[in-house]
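Asker:
In this note's numbering, the protein residues as written are 14 to 203.
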């Protein structure tokens with residue numbers, strides 16, 4: 014049987030031709046009978062749908078991916094996994110490279126391409142961290158949820174009105190301009 018594997022890490026990848034939709038189209042055109050989809054980092058080989066795919070691959074099957082970096086972003090893990098699949102009798106076809114094999118030249122090309130994929134991932138992480146550091150220096154919040162600033166006296170006033178039946182939780186939240194979950198978080202902290 015011919016299987017396809019498509020993966021994205023972020024929603025933004027659709028802009029760069031890596032969307033699940035575009036990968037699915039290419040995999041179907043290449044003859045994939047069944048396609049497994051992940052929205053997960055390629056740095057780790059432990060991915061829900063990828064693990065399901067590995068469990069159904071048998072000798073004589075074919076695995077198609079659109080690009081090597083959709084398969085893995087770690088040179089060591091990616092190369093090892095491809096070697097294991099080939100040793101198991103699975104044909105691995107990367108559409109923008111060709112068929113993978115365990116010849117010395119095949120291993121060299123695979124390792125170079127996987128090294129570039131890992132390098133690209135590392136550069137993305139570095140740029141993201143630099144951008145966050147610059148934003149923090151400018152006082153821009155970049156991680157986590159924003160801090161909710163609610164006047165404690167006002168919160169207690171609305172709490173009493175809600176407890177007394179004068180106002181509903183929804184009305185209190187609207188008056189304080191907070192979400193229901195924030196209300197309960199603040200309510201439990203008083």
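The beta-carbon is built from N, C-alpha and C at its ideal position, and this holds for glycine as well.
Quick check on DSSP: helix, strand or coil for residue 53?
Answerer: For this step, residue 53 is matched to residue 40 along the chain shown. The answer is coil: DSSP assigns residue 53 none of H, G, I, E or B.
Asker: To the nearest angstrom, how far is the alpha carbon of residue 69 from that of residue 187?
Answerer: Sequence index remark: in the chain shown, residue 69 carries index 56 (1-based). Sequence index remark: in the chain shown, residue 187 carries index 174 (1-based). Looking at the two C-alpha atoms, the distance is approximately 52 Å.
Asker: Going by the CB atoms, is the gap between residue 75 and residue 15 shorter than 8 Å?
Answerer: The sequence position of residue 15 within the chain shown is 2, counting from 1. The sequence position of residue 75 within the chain shown is 62, counting from 1. Yes, they are a contact pair.
Asker: Spatial neighbours of residue 65 within its chain, please: CB distance less than 8 Å, with the 5 preceding and 5 following residues excluded, ordered by chain position.
Answerer: Looking up residue 65 in the chain shown gives position 52. So the qualifying residues of the chain are 49.
Asker: Using the Cα positions of residue 6 and residue 32, report the straight-line distance between them to the nearest angstrom.
Answerer: Absent from the model: residue 6. The displayed extent of the chain is 14 to 203, so no value can be given.
Asker: Identify the residues that DSSP records as bridge partners of residue 20: which are they?
Answerer: One-based indexing of the chain shown puts residue 20 at position 7. Bridge partners of residue 20: 51.
Asker: Would you mind working out which of 152, 191, 98 sits nearest residue 63, comparing C-alpha positions?
Answerer: Sequence index remark: in the chain shown, residue 63 carries index 50 (1-based). Residue 98 is the option with its Cα nearest to residue 63.
Asker: If you run the structure through DSSP and keep just helix, strand and coil, what is residue 191?
Answerer: Numbered from 1 along the chain shown, position 178 holds the residue referred to as residue 191. Three-state result, residue 191: coil.
Asker: For the region 157-165 and the region 181-195, state whether three or more C-beta atom pairs, one from each stretch, are separated by less than 8 Å.
Answerer: Yes, the region 157-165 touches the region 181-195.
Asker: Tell me which same chain residues have a C-beta within less than 8 Å of the C-beta of residue 81, skipping the five on either side of it?
Answerer: Within the chain shown, the letter at position 68 stands for residue 81. Here the set comprises 91, 107, 109, 110, 123, 126, 127, 130.
Asker: Pull up the CB-CB distance for residue 83 and residue 19, whole angstroms please, since I reckon it's below 8 Å.
Answerer: One-based indexing of the chain shown puts residue 83 at position 70. One-based indexing of the chain shown puts residue 19 at position 6. Contact holds; Cβ gap of about 7 Å.
Asker: In whole angstroms, what separates the C-alpha of residue 72 from that of residue 105?
Answerer: For the purposes of this step, residue 72 is taken as the residue at position 59 of the chain shown. For the purposes of this step, residue 105 is taken as the residue at position 92 of the chain shown. Taking the straight line joining both Cα atoms gives about 11 Å.
Asker: So if DSSP puts residue 77 in a beta bridge, which residue, or which two residues, is it bridged to?
Answerer: For this step, residue 77 is matched to residue 64 along the chain shown. Residue 77 pairs with 17, 106.
Asker: Express the C-alpha separation of residue 22 and residue 260 in angstroms, rounding to a whole number.
Answerer: Residue 260 cannot be examined here, being either before or after the span of the chain that is shown, 14 to 203.
Asker: Three-state secondary structure (DSSP) at residue 70?
Answerer: Stepping through the chain shown from its first residue, residue 70 is reached at position 57. It is coil, neither helix nor strand.
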